[in-house]
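Undergrad:
There are 6 protein chains.
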Amino acid sequence: MASSFSFLALAALLALASWQAMASDPSPLQDFCVVDENSPVLVNGFVCKNPMDVKVDDFFKAAELDKPRMTNKVGSNVTLINVMQIAGLNTLGISLARIDYAPSGQNPPHTHPRATEILTVLEGTLYVGFVTSNPENKFLSKMLNKGDVFVFPVGLIHFQFNPNPHKPAVAIAALSSQNPGAITIANAVFGSKPPISDDVLAKAFQVEKNTIDWLQAQFWENNHY
Amino acid sequence: MASSFSFLALAALLALASWQAMASDPSPLQDFCVVDENSPVLVNGFVCKNPMDVKVDDFFKAAELDKPRMTNKVGSNVTLINVMQIAGLNTLGISLARIDYAPSGQNPPHTHPRATEILTVLEGTLYVGFVTSNPENKFLSKMLNKGDVFVFPVGLIHFQFNPNPHKPAVAIAALSSQNPGAITIANAVFGSKPPISDDVLAKAFQVEKNTIDWLQAQFWENNHY
Amino acid sequence: MASSFSFLALAALLALASWQAMASDPSPLQDFCVVDENSPVLVNGFVCKNPMDVKVDDFFKAAELDKPRMTNKVGSNVTLINVMQIAGLNTLGISLARIDYAPSGQNPPHTHPRATEILTVLEGTLYVGFVTSNPENKFLSKMLNKGDVFVFPVGLIHFQFNPNPHKPAVAIAALSSQNPGAITIANAVFGSKPPISDDVLAKAFQVEKNTIDWLQAQFWENNHY
Amino acid sequence: MASSFSFLALAALLALASWQAMASDPSPLQDFCVVDENSPVLVNGFVCKNPMDVKVDDFFKAAELDKPRMTNKVGSNVTLINVMQIAGLNTLGISLARIDYAPSGQNPPHTHPRATEILTVLEGTLYVGFVTSNPENKFLSKMLNKGDVFVFPVGLIHFQFNPNPHKPAVAIAALSSQNPGAITIANAVFGSKPPISDDVLAKAFQVEKNTIDWLQAQFWENNHY
Amino acid sequence: MASSFSFLALAALLALASWQAMASDPSPLQDFCVVDENSPVLVNGFVCKNPMDVKVDDFFKAAELDKPRMTNKVGSNVTLINVMQIAGLNTLGISLARIDYAPSGQNPPHTHPRATEILTVLEGTLYVGFVTSNPENKFLSKMLNKGDVFVFPVGLIHFQFNPNPHKPAVAIAALSSQNPGAITIANAVFGSKPPISDDVLAKAFQVEKNTIDWLQAQFWENNHY
Amino acid sequence: MASSFSFLALAALLALASWQAMASDPSPLQDFCVVDENSPVLVNGFVCKNPMDVKVDDFFKAAELDKPRMTNKVGSNVTLINVMQIAGLNTLGISLARIDYAPSGQNPPHTHPRATEILTVLEGTLYVGFVTSNPENKFLSKMLNKGDVFVFPVGLIHFQFNPNPHKPAVAIAALSSQNPGAITIANAVFGSKPPISDDVLAKAFQVEKNTIDWLQAQFWENNHY
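Residue numbers (this note's numbering), protein chains in the order written: chain A, 597 to 821; chain B, 597 to 821; chain C, 597 to 821; chain D, 597 to 821; chain E, 597 to 821; chain F, 597 to 821.
(1) Can you pull the chain C neighbours of residue 727/A, defined as C-beta to C-beta under 7 Å?
(2) Across which residues does DSSP place residue 737/F in a beta bridge pair?
(3) From 776/D, 743/D and 805/D, pick the residue whose C-alpha is nearest to that of residue 685/D; which is it?
(4) Can you round the beta-carbon distance between residue 696/C and residue 743/B to whole angstroms, since I take them to be within the 8 Å contact cut?
(5) Give every residue of the same chain whose Cβ lies closer than 6 Å to the Cβ of residue 679/B, excluding the five residues on either side of it in the sequence, and list them in chain order.
(6) Residues in the segment 728-758 of chain B with C-beta within 7 Å of chain C's C-beta atoms, listed in sequence order?
(7) Less than 8 Å between CB atoms is the rule here; does residue 626/B satisfy it with respect to chain D?
(8) Helix, strand or coil: which one does DSSP assign to residue 704/B?
(9) Return the residue from the list 634/A, 739/A and 659/A that minimises the CA-CA distance to residue 649/A.
(10) Tell me the DSSP secondary structure of residue 672/E in three-state form.
(11) So who's on the other strand from residue 641/C, going by DSSP bridges?
(12) Please say whether residue 707/A and residue 779/A have beta carbons closer to each other than 8 Å?
(13) Indicate whether the contact test is met: 3 or more Cβ pairs, each with one atom in the segment 804-819 of chain E and one in the segment 757-770 of chain E, closer than 8 Å.
(14) Output, in chain order, the set of chain B residues within a Cβ distance shorter than 8 Å of residue 689/F.
(15) Starting from the C-beta of residue 700/E, find all residues in its chain whose C-beta is less than 7 Å away, skip the five residues before and the five after it, and write them out in chain order.
(16) Taking 8 Å as the CB-CB limit, is residue 632/A close to chain E?
(17) Below 8 Å between beta carbons is the criterion; list the residues of the segment 770-802 of chain A that meet it against any residue of chain C, in chain order.
(18) Express the C-alpha separation of residue 753/C and residue 730/C in angstroms, rounding to a whole number.
(19) Mind checking if residue 641/F is an interface residue toward chain B, Cβ cutoff 8 Å exclusive?
(20) Excluding the 5 residues flanking residue 620/D on each side, which residues of the same chain have their C-beta closer than 7 Å to its C-beta?
(21) Would the segment 778-793 of chain E and the segment 733-742 of chain F be scored as touching if the rule is three or more Cβ pairs under 8 Å?
(22) Which of helix, strand or coil does DSSP assign to residue 687/B?
(23) Any Cβ of chain C within less than 8 Å of the Cβ of residue 646/E?
(24) What are the residues in the segment 708-727 of chain B lying within 8 Å of chain A by C-beta distance?
(25) Could you give the distance in angstroms between the alpha-carbon of residue 657/D and the alpha-carbon of residue 714/E?
(26) In whole angstroms, what separates the C-alpha of residue 785/C from that of residue 653/C?
(27) Out of 793/A, 689/A, 722/A and 705/A, state which residue places its alpha-carbon closest to the alpha-carbon of residue 781/A.
(28) Does the Cβ of residue 770/E have 16 or more other Cβ atoms within 10 Å, making it buried, or fewer, making it exposed?
(29) Use the C-beta contact count for residue 746/F: other C-beta atoms within 10 angstroms, 16 or more gives buried, fewer gives exposed.
(30) Counting only the same chain and skipping the five closest in sequence on each side, list residues whose C-beta sits under 7 Å from that of residue 798/D.
(31) In chain order, what residues of the same chain lie with their CB nearer than 6 Å to the CB of residue 667/A, ignoring the 5 residues before and after it?
(32) Less than 7 Å between C-beta atoms, sequence neighbours within five positions excluded: which residues of the same chain meet that for residue 740/D?
(33) According to DSSP, simplified to helix, strand and coil, what is residue 795/E?
(34) Which same chain residues, not among the five before or five after residue 659/D, have their C-beta less than 6 Å away from its C-beta?
(35) Just mark residue 599/D as buried or exposed, buried being the case when its beta carbon has 16 or more other beta carbons within 10 Å.
(36) Alpha carbon to alpha carbon, what distance is there between residue 645/B and residue 812/A?
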């Protein structure tokens, strides 16, 4: 799946998003529809390769999900195994991720437009929460220990935070889409390319324009690789 | 649909959200399934009343969508006609809204977790935009004139802003769910009940904790009625 | 989207139908899947262009929905903004229309095989109705004034009629599919190409064959442009 | 399933319709969800009985589909086995019918709002056809012999006609919904209760009002039992 | 549809499977999407031909479902009319089959991963049954006579057996997918290519390895043509 | 969720099955629809509790997925966290499992009628495989090491086997349904209650009746708790 995947990878880097999970990918109409990495044709999801050319490695990845990852500026790293990583996931409505948290690190507030997320803690502790939609905007939060399981409903803003200043944490999360997508709130609002007008944001967030300008000048790093 | 609707209305005030649109409400299994306002049973969507009791007014509302509305602090007002307003919309996957914009008013950055939105300008001009998901966070924006039509894809952060400091603007928007939901970013992040820990938000937004505290002390008014 | 859209337009003129709304277009598997107007490949919906080539105008149309339209022989005109008009609507499950009604004009009995319709009156008054399926065939009707909202459930026969012999009427309608389709009953039954056998129709409608022949000789004009 | 089914049967007689087939009933979330005939609660589809009370007869009906049926005024009879006949069909998206045709009889022009239909001829010959949606309204027709198979796409107007004036015909049809619904065009347009205004219909069908009045005075018998 | 269908046929012979039925094929986005037999592009389902080139025979097959078929080693023969047989079935979520049973013949235990099945007996008698999922594995069975109807829920293991040692039986079955797929348990477990390790199967079925070896040496014939 | 959950638990023990994953649970129509454990009403999925009564623990379980489990006779144990374990999963289309494998243990051949499965190895090594549907019945297999990821497409027969005779193995698996269901082939075919006729099975599996009788006399233990 190496170099011939370049067109796909490029497309993936752009609008096809990152990691969120939702309950309703369309149903398959054959046993599987493995991504044809060489096709120039783009559809909702991906076109399939000839089933005669499908091999077991289309359903496999030596993802090294057992290995710790470097974390970024906000102290986290999401290693997502979605349809861009395993071509056999196309049409099948699921993906999997390992998330590393540095001490005091977080996977900052974000939404998954196309997936619910279910998470279990492998190492350390995590303080997690999500916020319901308008008009309530109720915040539900919980401290999770090793072995605990938590659910983040599709489309709602949520985060995970490692409250331990000395020890890292690790989680495995599953998402209900082959391509859940992720929208990190700070990055989308203050780090968009080009920037959103500071007039709009100043009024929306009830702050001075120069606060917005300062926020837009920061480097908003993506934590999904 | 007046007073007997109180339980439903209460439920609606809570988690059932406001106005967002998504492409995949489940399909109907009969001609219609009009909300039974008296039923204590809650399901995905709503339970139906006896079809013998269905009358034409179950598909109707004297919504006065031709009348201007008072706008709120950020200068807008969304009058949403969804399944909570018209009981006959249950299982049918669509809703409609009138949006009023004060001079220089805006419908601030928000997402609809369950709907795509299509909008046309009835009066005035609107500067609109949406931001794609990670890692691109590409911002696409457009100035709209009277009669123009624009689409906001499901789940993406978007806004509408009236750039005219002297004249109001009006739009009609349709959303692809009976209950699209709306998550106003500022309200959900800084106005949740209870507030999200300022430790988490300070690091997520790369600002001082007292900036977060100040933001959380503001009044985050909902603009959907 | 001009001339390169010709193949698509041609296809659209044929079987891809006009404007009806239904609750269950498939869900998107990426942020958006904008129609690739140059692709010779046809799928359920449309193939997507490279997301790198997507621009804001793919989600926009200067549709002039504020402008009155000429009406046809039965006194109406449906200006539908669906996926053939806005390429960005592909996979997103919604479309929008302006409907003009001449004095005493009507949008005659028709069904939308793939969409529910929600309508609001912008100008004038409309007498509207729909008929339930067998065996009841119950007719529900209502007089609508400016600002009122009404719902026509997916697949049911319905119409709108402007009862005012002196003044036109205008409505905005939204439909729950990117390509709702419309089947005008008179046109499909009496104006099909080639005509349905008059033996079949005479017995089906309990009239003489020459009545059917006369009906089939009329000009059945489409009111959707 | 006899007398306790009375409430359900009553509901069924009203808006829940008859026999049409569509490609997208929602997916089951358990092995089966057999209709609870005693429940007063109505939902999209039906509520389920306790799985402990499910027995093999919930998936069975001694429907006598091998036996000829009396035909009605237009010379046909549709014996539909849908969720109202077999409680175990709930959530499973399919139904089955036997159709009897008298010599020169027909199953007159109708649509199935929620199902595609696939039909095979058991006895005799059938002349069948369907009409595409606007603006084409293309009529596709075929003479079918014993053993032939034909498909009527969801939502399109179609009919079957027995061209033999001396011999009956029989078909088995399957429909892609637990409750496909049927809208017989003549019955819905000219036989609705109450009647549609003759002003509206006269203009829609380009005939004199008294022709409409005459049509509305006919007896429009349902051919689905 | 003859020779140009060869690529498609080849693909069909491989992973696209045979005949099972499920409730949730995606919904159509146009009147129909007839398989383009000449396209090299593979998608979930099939790409469509130009609607201008669609003709009535795309919805038709002279399938001779009235004619008896030769049966195989286990005494049955499934003649399935799915999207590979009728190109017009693409996106429409249904297929049809005739099943012949030799005296004492059976359609052995199998599942349909993508379809519910509804069956009616045309000739003879059938003993049928299905087994629920873990942990119950409840077996529900019934003796069916001519004209009876029975339902096999999607994904569950089921069979039909002709208990009459002297007379054949015939059934018509419909399945809720354009490509339901069939997994004959014995063939998939003991007749896979290459064979599953006898270590695994011996322990799974609690038998000696040489019993497994003996089973794997048998000829596991497919009964779907 | 303790004792009041008894009715639900009972129902769950019966037909609602165990752990399989499929790509198309219906979409949510509100932020969440948490199971109402006290409701006597059963629907496709579950009815929801009043959103005012929803609390964070409805999305949480102290599942101790970090702790090793006792394995059964075939040497495995599936600890499934589905909608029966976390009430908040209702309508959200996903579940999670920890699987323990004894040395030389296996999770024997089974299907998930309603879910695709994605699995990662936490400890040890696993030999895994799945078989495609008829007529190919192609067996695809792979040896997995710690950190590897593998996908089992919805509805196909698959297994995992720990080839190490000295060391246990552990995996985390996610499934694309709130209630994926599991059908262990040996248990459903030879361990059903009541047993399937040995006449049928002997011919289906091409063995002597007494071999079937012997198999049916074994104890077929469920490995899902």
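Backbone N, C-alpha and C define an ideal beta-carbon position, used for all residues, glycine too.
TA: From the atom records:
(1) Position 131 of the first sequence holds residue 727/A. Correct list: empty, because the minimum Cβ distance to chain C is about 22 Å.
(2) As a position in the sixth sequence, residue 737/F is number 141, starting the count at 1. Answer is 725/F, bridged to residue 737/F.
(3) Residue numbering aside, residue 685/D sits at position 89 when the fourth sequence is read from its first letter. Checking every option, the nearest Cα to that of residue 685/D belongs to 776/D.
(4) Numbered from 1 along the third sequence, position 100 holds the residue referred to as residue 696/C. Numbered from 1 along the second sequence, position 147 holds the residue referred to as residue 743/B. Incorrect: roughly 13 Å between the Cβ atoms, too far for contact.
(5) Mapped onto the second sequence, residue 679/B falls at position 83. Hits under 6 Å: 685, 686, 774 and 775.
(6) 728, 729, 736, 737, 738, 742, 743, 744, 745, 746, 747, 749, 750 and 752
(7) Residue 626/B sits at position 30 when you count from the first residue of the second sequence. Judged by the 8 Å Cβ criterion, residue 626/B is in contact with chain D.
(8) The count along the second sequence starts at 1 and reaches residue 704/B at position 108. It is a strand residue.
(9) Taking the first residue of the first sequence as 1, we reach residue 649/A at position 53. Comparing Cα positions, the closest option is 634/A.
(10) In the fifth sequence, the residue the question calls residue 672/E occupies position 76. Strand, per DSSP.
(11) For this step, residue 641/C is matched to residue 45 along the third sequence. Bridge partners of residue 641/C: 639/C.
(12) Taking the first residue of the first sequence as 1, we reach residue 779/A at position 183. Taking the first residue of the first sequence as 1, we reach residue 707/A at position 111. Taking 8 Å as the Cβ cut-off, residue 779/A and residue 707/A qualify as a contacting pair.
(13) no
(14) Counting from 1 along the sixth sequence, the entry for residue 689/F is found at position 93. Here the premise fails: no neighbours, minimum Cβ distance about 11 Å.
(15) As a working note, residue 700/E is residue 104 in the fifth sequence. Answer for residue 700/E: 671, 758 and 761, listed in chain order.
(16) Counting from 1 along the first sequence, the entry for residue 632/A is found at position 36. Yes, residue 632/A lies at the interface with chain E (some Cβ there is under 8 Å from its Cβ).
(17) 773, 774, 775 and 777
(18) Locating residue 730/C in the third sequence gives position 134, counting from the first residue. Locating residue 753/C in the third sequence gives position 157, counting from the first residue. When rounded, the separation of the alpha-carbon atoms in residue 730/C and residue 753/C is 12 Å.
(19) Reading the sixth sequence from its first residue, position 45 is the one you call residue 641/F. Cβ-Cβ to chain B under 8 Å: yes for residue 641/F.
(20) To locate residue 620/D, count along the fourth sequence from 1; it is residue 24. With a pLDDT of 44 at residue 620/D, under the threshold of 50, the predicted position of this residue should be treated as unreliable, though the coordinate-derived value follows. Correct list: empty, nothing qualifies.
(21) Short answer: they touch.
(22) The count along the second sequence starts at 1 and reaches residue 687/B at position 91. Residue state, collapsed to three classes: coil.
(23) The residue labelled residue 646/E in the question sits at position 50 within the fifth sequence. True, the Cβ-Cβ gap to chain C drops below 8 Å.
(24) 709, 710, 723, 725 and 727
(25) Taking the first residue of the fourth sequence as position 1, residue 657/D is located at position 61. Taking the first residue of the fifth sequence as position 1, residue 714/E is located at position 118. Going by the C-alpha atoms only, they are around 11 Å apart.
(26) Taking the third sequence and counting its residues from 1, the one referred to as residue 785/C is at position 189. Taking the third sequence and counting its residues from 1, the one referred to as residue 653/C is at position 57. So the alpha carbons of these two residues sit roughly 39 Å apart.
(27) In the first sequence, counting from the first residue as 1, residue 781/A sits at position 185. Comparing Cα positions, the closest option is 705/A.
(28) Within the fifth sequence, the letter at position 174 stands for residue 770/E. That one is buried.
(29) Within the sixth sequence, residue 746/F is the residue found at index 150, counting from 1. Per the 10 Å Cβ criterion, buried.
(30) Looking up residue 798/D in the fourth sequence gives position 202. Closer than 7 Å at Cβ, skipping near neighbours: 804, 805 and 808.
(31) As a working mapping, residue 667/A is identified with position 71 in the first sequence. Answer for residue 667/A: 673, 696, 698 and 701, listed in chain order.
(32) In the fourth sequence, the residue the question calls residue 740/D occupies position 144. These residues qualify, in order along the chain: 717, 721, 722, 724 and 746.
(33) One-based indexing of the fifth sequence puts residue 795/E at position 199. Residue 795/E falls in the helix class under three-state DSSP.
(34) Looking up residue 659/D in the fourth sequence gives position 63. Closer than 6 Å at Cβ, skipping near neighbours: 677.
(35) Numbered from its first residue, the fourth sequence carries residue 599/D at position 3. Low local confidence applies: a pLDDT of 33 at residue 599/D is under 50, so the model's placement there is unreliable, with the coordinate-based value given in what follows. Flag for residue 599/D reads exposed.
(36) The residue labelled residue 812/A in the question sits at position 216 within the first sequence. The residue labelled residue 645/B in the question sits at position 49 within the second sequence. Answer to the nearest angstrom: the Cα atoms are 52 Å apart.
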